[in-house]
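A.B. asks:
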Amino acid sequence: MSHRVRNRRRSIGRPLAALGAAAVLLAACNGDDADTRLEDATADDPIEITMYYPIAVGGPLENVVDGLIADFEDENPNINVTPVYSGNYDDTTVQATTALAAGEPPATTVLLSTEMFALIDDEIIVPFDDLAVTDEDEAWLDSFYDEFMANSRDAEGTTWGIPFQRSTIVQYYNKEAFEQAGLDPNRAPETWDELVEIATAVQEGSDVSWGVQMPSSGFPYWLFQTFTTQMGVEVVSPAGNEVYYDKPEVIEALEFWYSLSDEHGVHPPHVVDWGTTPEDFLQQEVGIIWTTTGNLSRIRADATFDFGVAPMPSNVQPGSPTGGGNFYIFADAPEQEQRAAFELIRYLTQPEQAAEWSIETGYVAPTPEAWETEAMQEYVADFPEAEVARDQLVNTVRELSTYQRGSVYDLINDALQSALTGQVTPEEALTEANESINELLAPYR
Amino acid sequence: MKTSFEPAAADPAEGVTRGVTPGGDPLARRSFLAPLRRIPNGVFAWALILPAMVILLGFSVVPMITTVWASLQEPGIGTSIGPANYERMVNDPVFLQSLRNNLLFSLVTVPVSLAIAMLMAVLVDREIRARGFLRMALFTPAMLPVIAAAAIFLAFYQPNFGLINVIAQSIGVPRQNWLGNPDTVLPSLMVVMIWKEAGFFMLFYLAGLQTISPELNEASTLEGTGRWTHFRRVTFPLLMPTTLFTSIVGVANSFKQVDFIFVMTQGGPNNASNLLLYNIYLQAFPNRNPDYAAAMTVVLVSILVALAVIQIRMFDRRIHYR
Numbered sequence: 403m404s405h406r407v408r409n410r411r412r413s414i415g416r417p418l419a420a421l422g423a424a425a426v427l428l429a430a431c432n433g434d435d436a437d438t439r440l441e442d443a444t445a446d447d448p449i450e451i452t453m454y455y456p457i458a459v460g461g462p463l464e465n466v467v468d469g470l471i472a473d474f475e476d477e478n479p480n481i482n483v484t485p486v487y488s489g490n491y492d493d494t495t496v497q498a499t500t501a502l503a504a505g506e507p508p509a510t511t512v513l514l515s516t517e518m519f520a521l522i523d524d525e526i527i528v529p530f531d532d533l534a535v536t537d538e539d540e541a542w543l544d545s546f547y548d549e550f551m552a553n554s555r556d557a558e559g560t561t562w563g564i565p566f567q568r569s570t571i572v573q574y575y576n577k578e579a580f581e582q583a584g585l586d587p588n589r590a591p592e593t594w595d596e597l598v599e600i601a602t603a604v605q606e607g608s609d610v611s612w613g614v615q616m617p618s619s620g621f622p623y624w625l626f627q628t629f630t631t632q633m634g635v636e637v638v639s640p641a642g643n644e645v646y647y648d649k650p651e652v653i654e655a656l657e658f659w660y661s662l663s664d665e666h667g668v669h670p671p672h673v674v675d676w677g678t679t680p681e682d683f684l685q686q687e688v689g690i691i692w693t694t695t696g697n698l699s700r701i702r703a704d705a706t707f708d709f710g711v712a713p714m715p716s717n718v719q720p721g722s723p724t725g726g727g728n729f730y731i732f733a734d735a736p737e738q739e740q741r742a743a744f745e746l747i748r749y750l751t752q753p754e755q756a757a758e759w760s761i762e763t764g765y766v767a768p769t770p771e772a773w774e775t776e777a778m779q780e781y782v783a784d785f786p787e788a789e790v791a792r793d794q795l796v797n798t799v800r801e802l803s804t805y806q807r808g809s810v811y812d813l814i815n816d817a818l819q820s821a822l823t824g825q826v827t828p829e830e831a832l833t834e835a836n837e838s839i840n841e842l843l844a845p846y847r
Numbered sequence: 002m003k004t005s006f007e008p009a010a011a012d013p014a015e016g017v018t019r020g021v022t023p024g025g026d027p028l029a030r031r032s033f034l035a036p037l038r039r040i041p042n043g044v045f046a047w048a049l050i051l052p053a054m055v056i057l058l059g060f061s062v063v064p065m066i067t068t069v070w071a072s073l074q075e076p077g078i079g080t081s082i083g084p085a086n087y088e089r090m091v092n093d094p095v096f097l098q099s100l101r102n103n104l105l106f107s108l109v110t111v112p113v114s115l116a117i118a119m120l121m122a123v124l125v126d127r128e129i130r131a132r133g134f135l136r137m138a139l140f141t142p143a144m145l146p147v148i149a150a151a152a153i154f155l156a157f158y159q160p161n162f163g164l165i166n167v168i169a170q171s172i173g174v175p176r177q178n179w180l181g182n183p184d185t186v187l188p189s190l191m192v193v194m195i196w197k198e199a200g201f202f203m204l205f206y207l208a209g210l211q212t213i214s215p216e217l218n219e220a221s222t223l224e225g226t227g228r229w230t231h232f233r234r235v236t237f238p239l240l241m242p243t244t245l246f247t248s249i250v251g252v253a254n255s256f257k258q259v260d261f262i263f264v265m266t267q268g269g270p271n272n273a274s275n276l277l278l279y280n281i282y283l284q285a286f287p288n289r290n291p292d293y294a295a296a297m298t299v300v301l302v303s304i305l306v307a308l309a310v311i312q313i314r315m316f317d318r319r320i321h322y323r
């Protein structure tokens with residue numbers, strides 16, 4: 403129905419559109435007095451919506467979210483938002499789908515951008531295009547960095563998610579350790595050869611125990627995508643229904659990752675924990691770590707030494723996958739709640755708010771306009787490292803996102819860990835995983 | 002039996018026929034409760050059971066039935082019933098590994114934590130200085146939330162700044178990546194489980210020790226029996242009922258307590274620390290395979306029941322009930 407509404411409005415122009423919309427909506431709501439329309443809702447009788455959101459990085463961010471929501475409610479007294487902090491991304495998925503099964507879906511939830519295909523497959527979410535009524539709405543949908551929209555739009559160009567807390571992987575390096583080892587403290591590794599060289603030098607020449615650390619617990623597929631991107635290959639088809647893990651370049655990428663500990667001895671052996679890797683860096687136990695920009699604010703706050711942030715090195719090309727969370731609107735929520743959620747999401751991604759969220763967390767503000775704001779300009783002038791992730795965007799690929807996401811992740815994560823712990827060779831691990839995953843995805847091709 | 006706490010029933014016959022409040026003014030009771038008398042005893046009994054029954058049915062029996070029903074759903078469209086989910090299990094290497102891991106995990110953690118619990122209980126049962134403090138100290142791990150304990154151990158086990166490696170290095174042992182190595186991850190988790198469970202079971206053994214008559218101790222002393230012999234021939238056999246109870250609870254816990262996996266390893270590396278219930282969680286929620294998870298749940302419960310029966314049978318012959 404909403405498609406029809408939108409089309410009609412476009413044809414008769416904007417001023418009339420509002421009237422027409424009201425008429426159509428009135429007709430839609432005829433005889434259903436209990437459902438107040440968004441336009442009719444007042445401060446005394448507001449539309450109530452729930453928003454679930456995860457926090458996957460360090461720091462007391464609930465207050466920031468509460469503050470942003472309070473500002474939104476001041477501007478929109480007819481909407482009442484209940485933000486629910488719901489743990490990490492997996493917890494949030496579980497809670498949102500459980501609430502959905504119980505018939506009380508939240509209007510909107512922040513979930514991993516990679517959930518998109520699975521959520522479409524399960525018919526859990528609605529496209530934002532259906533809720534965009536004005537040209538202004540449409541323009542907003544086009545205001546984000548294309549690299550982030552790669553994980554938010556499907557192959558046909560339908561927008562299913564709105565980038566909110568998005569990230570890339572960057573290098574953090576300990577400048578003091580670099581100096582101690584006689585290295586240039588303003589230059590991080592720019593190629594794979596340099597990575598091995600510098601990591602070896604810093605491990606031998608300073609107090610750190612290890613040259614470099616790339617976490618491989620939980621979701622190693624993500625970090626692995628930095629290596630494959632730097633090899634110049636994509637591991638997944640745009641439609642999310644086929645993977646290419648058996649390509650020789652991909653196997654070489656994993657062989658390189660494994661060689662850092664096995665051959666060069668500059669990386670801790672076996673699997674390294676995601677959550678404690680920033681702590682390893684802060685304790686000056688490692689010279690270089692690769693982790694999300696989402697950890698930037700925390701590392702900046704807690705580092706007792708001078709550190710640098712640098713884009714990913716290059717082998718064939720530089721590069722990193724994007725990552726992080728998108729807003730989704732749930733299909734089972736009543737339409738007026740969906741529309742209220744639409745307003746909320748648009749508010750939260752406006753330049754001022756996006757800039758505030760980015761400054762507080764380290765996530766990459768998802769629109770170019772956010773980087774033009776005064777607050778952001780001031781922040782970046784004081785802390786140029788914040789720009790690294792944005793500047794790296796041109797070299798990013800979409801994070802691995804497929805149908806049957808959970809099972810696919812299990813297969814590839816297990817394969818990567820079995821190779822990184824030396825149980826099987828990278829080639830065996832990836833060939834086998836590739837076969838199993840493509841078998842799983844066969845029905846979607 | 003402490004009869005002093007039971008309300009004194011002046012007229013036992015009346016208490017039986019009414020089945021309601023003892024004492025009070027007979028006149029007032031007649032006026033208030035008169036309608037109740039007309040309710041037949043059978044109906045009245047059902048009315049009393051009803052709340053508990055509704056809760057039990059709603060939260061235990063019905064979910065059990067729906068779980069079995071869900072586990073029998075064939076995947077795909079339609080409503081056919083069949084053992085597909087169970088067949089899938091037999092060929093699922095991750096399931097089989099989580100099962101193997103879990104059996105090994107139980108086989109090690111339960112006996113060891115019981116042995117340590119018994120030892121600790123015997124030690125702090127004697128008249129020693131700071132006994133209350135010692136008991137509390139030993140029981141503390143059981144009071145800590147699992148997640149908090151797991152977060153602490155996660156830091157302990159870290160290869161770089163972890164306490165265990167710092168100690169190991171200071172005595173010349175090379176550093177280990179405890180949770181990152183498939184060979185050491187499960188033993189590392191076993192240590193956490195034993196540390197957590199031993200204090201809890203100690204409490205039951207302390208209670209068990211209170212029931213052993215001090216005369217036996219005196220008799221042993223008079224006979225000149227050694228402390229070890231006394232433990233082996235007197236204390237240990239008399240603690241058997243407690244051991245049966247704690248071992249059943251322990252086995253159940255070793256299958257049920259997976260919280261620390263979420264914090265410490267997420268089942269990795271390569272499923273080396275994946276336990277059955279964690280695997281069920283993964284299938285039910287992140288992977289959205291509730292039917293397959295239901296089938297695995299049925300298997301898990303069957304294993305627990307089978308193990309409990311074996312334990313009861315095995316111990317029964319050797320228990321000295323008094």
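Just so you know, the protein sequences line up as chains A and B, in that order.
Numbered per the working numbering, the first sequence spans residues 403 to 847.
Numbered per the working numbering, the second sequence spans residues 2 to 323.
Here a beta-carbon is modelled for each residue, glycine too, at the ideal position from N, C-alpha and C.
Since the model is a prediction, treat every value here as computed from it, not as a measurement.
Quick one: residues in its chain with C-beta nearer than 8 Å to the C-beta of Val668 (chain A), no 5 flanking neighbours on either side, listed in chain order?
C.D. replies: Val598, Ala601, Thr602, Gln605, Trp612, Gly613, Val614 and Leu662.
A.B. asks: Please name the residues in the stretch 171-196 of chain B whose beta-carbon is closer than 7 Å to at least one beta-carbon of chain A, in chain order.
C.D. replies: Against chain A - using a Cβ distance shorter than 7 Å - the residues of the stretch 171-196 of chain B are Asn178, Leu180, Gly181, Asn182 and Pro183.
A.B. asks: By alpha-carbon positions, which one of A:Ala712, A:Pro448, A:Phe729 and A:Lys649 ends up nearest to Thr516 (chain A)?
C.D. replies: Of the candidates A:Ala712, A:Pro448, A:Phe729 and A:Lys649, the one whose C-alpha sits nearest the C-alpha of Thr516 (chain A) is A:Phe729.
A.B. asks: With a CB to CB cut of under 7 Å and the five nearest residues on each side skipped, what residues in its chain are close to Ser189 (chain B)?
C.D. replies: The answer, listed in chain order, is Tyr158, Trp179 and Leu180.
A.B. asks: What are the boundary residues of the beta strand (DSSP E) that includes Ile761 (chain A)?
C.D. replies: Counting along the chain, Ile761 (chain A) falls outside any beta strand (DSSP E), though it belongs to the alpha helix (DSSP H) covering Pro753 to Thr763.
A.B. asks: Of all the residues that make up the stretch 129-159 of chain B, which are near chain A by a beta-carbon distance shorter than 8 Å?
C.D. replies: Against chain A - using a Cβ distance shorter than 8 Å - the residues of the stretch 129-159 of chain B are Leu155, Ala156 and Gln159.
A.B. asks: Asn288 (chain B) and Ser809 (chain A) - do their beta-carbons sit closer together than 7 Å?
C.D. replies: In this structure, Asn288 (chain B) lies closer than 7 Å to Ser809 (chain A) by Cβ.
A.B. asks: When DSSP labels each residue in this structure, what does Pro84 (chain B) get in the three-state scheme?
C.D. replies: Correct three-state label for Pro84 (chain B): coil.
A.B. asks: Put Arg568 (chain A) into one of helix, strand or coil per three-state DSSP.
C.D. replies: Here Arg568 (chain A) sits in strand by DSSP.
A.B. asks: Would you be able to state if there are at least three C-beta pairs under 8 Å between the stretch 746-758 of chain A and the stretch 622-640 of chain A?
C.D. replies: Counting Cβ pairs under 8 Å, fewer than three are found: no touch.
A.B. asks: Please list the residues of the stretch 820-831 of chain A that have a C-beta atom closer than 8 Å to any C-beta atom in chain B, keeping them in chain order.
C.D. replies: If the cut-off is 8 Å between Cβ atoms, the stretch 820-831 of chain A has Ser820, Leu822, Thr823 and Gln825 near chain B.
A.B. asks: Looking at C-alpha atoms only, which residue of B:Trp229, B:Asn86 and B:Val250 is the closest neighbour of Val299 (chain B)?
C.D. replies: When only C-alpha atoms are compared, the closest one is B:Asn86.
A.B. asks: Would you check if the distance between the CB atom of Glu762 (chain A) and the CB atom of Val466 (chain A) is smaller than 7 Å?
C.D. replies: The answer is yes: Cβ separation under 7 Å.
A.B. asks: Kindly provide the ranges of any alpha helix (DSSP H) runs that are 4 or more residues long and lie completely inside the stretch 558-612 of chain A, ordered along the chain.
C.D. replies: Complete alpha helix (DSSP H) runs here, min 4: 577-582 and 594-607.
A.B. asks: Give me the chain A residues within the contact set of Asn271 (chain B), using Cβ-Cβ distance strictly less than 7 Å, ordered along the chain.
C.D. replies: The contacting residues are Asp816, Gln819, Ser820, Thr823 and Gln825.
A.B. asks: Nearest-angstrom Cα distance between Leu57 (chain B) and Arg234 (chain B)?
C.D. replies: Each residue's Cα considered, the two are about 43 Å apart.
A.B. asks: Do you know offhand how far Thr798 (chain A)'s Cα is from Thr724 (chain A)'s?
C.D. replies: If I take the Cα positions, the gap works out to 6 Å.
A.B. asks: According to the neighbour-count rule (16 or more other Cβ atoms, all chains shown, within 10 Å of its Cβ), is Asn588 (chain A) buried or exposed?
C.D. replies: With fewer than 16 other Cβ atoms within 10 Å, it is exposed.
A.B. asks: How do the stretch 636-656 of chain A and the stretch 829-842 of chain A stand: do at least 3 beta-carbon pairs fall below 8 Å, yes or no?
C.D. replies: Yes, the stretch 636-656 of chain A touches the stretch 829-842 of chain A.
A.B. asks: For Arg410 (chain A) and chain B, any beta-carbon pair shorter than 7 Å?
C.D. replies: With a pLDDT of only 37 at Arg410 (chain A), under the threshold of 50, the placement of this residue in the model should not be trusted, and no figure is reported.
A.B. asks: Between Glu841 (chain A) and chain B, is there a C-beta pair that is closer than 7 Å?
C.D. replies: False, the Cβ-Cβ gap to chain B never drops below 7 Å.
A.B. asks: Give a yes or no on whether the minimum CB-CB distance between Asn288 (chain B) and chain A is below 7 Å.
C.D. replies: Yes, Asn288 (chain B) counts as interfacial toward chain A.
A.B. asks: What's the gap between the Cα of Pro671 (chain A) and the Cα of Ser608 (chain A)?
C.D. replies: So the alpha carbons of these two residues sit roughly 20 Å apart.
A.B. asks: Going along the chain, which residues of the stretch 678-699 of chain A sit with their C-beta nearer than 8 Å to a C-beta in chain B?
C.D. replies: Hits within the stretch, in order: Thr678, Glu681, Asp682, Gln685, Glu687 and Val688.
A.B. asks: Count the other CB atoms within 10 Å of the CB of Val637 (chain A); is the residue buried (16 or more) or exposed (fewer)?
C.D. replies: Result: buried.
A.B. asks: Closer than 7 Å, Cβ to any Cβ of chain A: which residues of the stretch 198-228 of chain B, in chain order?
C.D. replies: Under the 7 Å Cβ criterion, the stretch 198-228 of chain B contributes no residue.
A.B. asks: Taking the continuous alpha helix (DSSP H) assigned at Thr827 (chain A), which residues delimit it?
C.D. replies: No alpha helix (DSSP H) contains Thr827 (chain A), which DSSP labels as neither H nor E.
A.B. asks: Does the beta-carbon distance from Trp692 (chain A) to Gly620 (chain A) come in below 7 Å?
C.D. replies: Cβ distance not < 7 Å, so Trp692 (chain A) and Gly620 (chain A) don't count as in contact.
A.B. asks: Short check: CB of Met191 (chain B) to CB of Val109 (chain B), under 7 Å?
C.D. replies: Yes, these two residues count as a Cβ contact at 7 Å.
A.B. asks: I'd like to know whether the C-beta of Asp492 (chain A) is nearer than 7 Å to at least one C-beta of chain B.
C.D. replies: For Asp492 (chain A), the answer is yes, since a Cβ of chain B falls inside 7 Å of its Cβ.
A.B. asks: On a Cα-Cα basis, can you pick out the residue from B:Val113, B:Ser81 and B:Glu198 that is closest to Ala150 (chain B)?
C.D. replies: Checked all of B:Val113, B:Ser81 and B:Glu198; the closest Cα to Ala150 (chain B) is B:Glu198.
A.B. asks: How big is the Cα-Cα spacing for Asp317 (chain B) and Tyr647 (chain A)?
C.D. replies: Taking the straight line joining both Cα atoms gives about 56 Å.
A.B. asks: Is the CB of Gln267 (chain B) under 7 Å away from at least one CB in chain A?
C.D. replies: Answer yes: the Cβ-Cβ gap between Gln267 (chain B) and chain A drops below 7 Å somewhere.
A.B. asks: Name, please, each residue of chain A whose Cβ falls closer than 7 Å to the Cβ of Asn254 (chain B).
C.D. replies: The premise fails here: Asn254 (chain B) is roughly 23 Å from chain A at the closest Cβ pair, so nothing lies under 7 Å.
A.B. asks: Looking only at C-alpha atoms, which of A:Asp734, A:Asp447, A:Glu774 and A:Glu558 sits nearest to Asp531 (chain A)?
C.D. replies: The shortest Cα separation from Asp531 (chain A) among A:Asp734, A:Asp447, A:Glu774 and A:Glu558 belongs to A:Glu558.
A.B. asks: Give the interface partners of Thr495 (chain A) over in chain B, defined as CB-CB distance under 8 Å, in chain order.
C.D. replies: Going along chain B in sequence order, the residues near Thr495 (chain A) (Cβ under 8 Å) are Phe286 and Pro287.
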